[in-house]
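Report on the structure given below.
Printed below as a string of structure tokens:
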């Protein structure tokens, strides 16, 4: 998915993820919503400082992330952390040596 984020289907998936993260449905993702979304995706290994960094890179210095900012930053964040998650899960399952 991450390599196809610019495609029609990738854009739709990113929009669905944005809508799922936007718990209060105000069209913005606040810091707490981003943290909850990342944890829901299984990225429990991310520390508070890392989540704050992701939020800031995505445009969160104003207190929220817009859909446009999400569409730009989410593929990079997902790619990095999905690889980490796979390595963690693979190691936990004894699949990585």
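Numbering (my numbering), first residue to last: 304 to 400. Here a beta-carbon is modelled for each residue, glycine too, at the ideal position from N, C-alpha and C.
In DSSP terms, what residue 368 is bridged to: For this step, residue 368 is matched to residue 65 along the chain shown. According to DSSP, residue 368 bridges with 332.
Helix, strand or coil at residue 313 according to DSSP, with G and I counted as helix: The sequence position of residue 313 within the chain shown is 10, counting from 1. In this structure, residue 313 counts as helix in the three-state DSSP scheme.
Whole-angstrom C-beta distance between residue 361 and residue 340, which should lie under 8 Å: Locating residue 340 in the chain shown gives position 37, counting from the first residue. Locating residue 361 in the chain shown gives position 58, counting from the first residue. Wrong, their Cβ atoms sit about 12 Å apart, outside the cutoff.
Residue 359, buried or exposed, once every other Cβ within 10 Å from all chains shown has been counted against 16: Locating residue 359 in the chain shown gives position 56, counting from the first residue. With fewer than 16 other Cβ atoms within 10 Å, it is exposed.
Cβ distance (whole Å) where residue 346 is taken to contact residue 392 below 8 Å: Here residue 346 is taken as the residue at index 43 of the chain shown, counted from 1. Here residue 392 is taken as the residue at index 89 of the chain shown, counted from 1. Contact doesn't hold; Cβ gap of about 12 Å is too wide.
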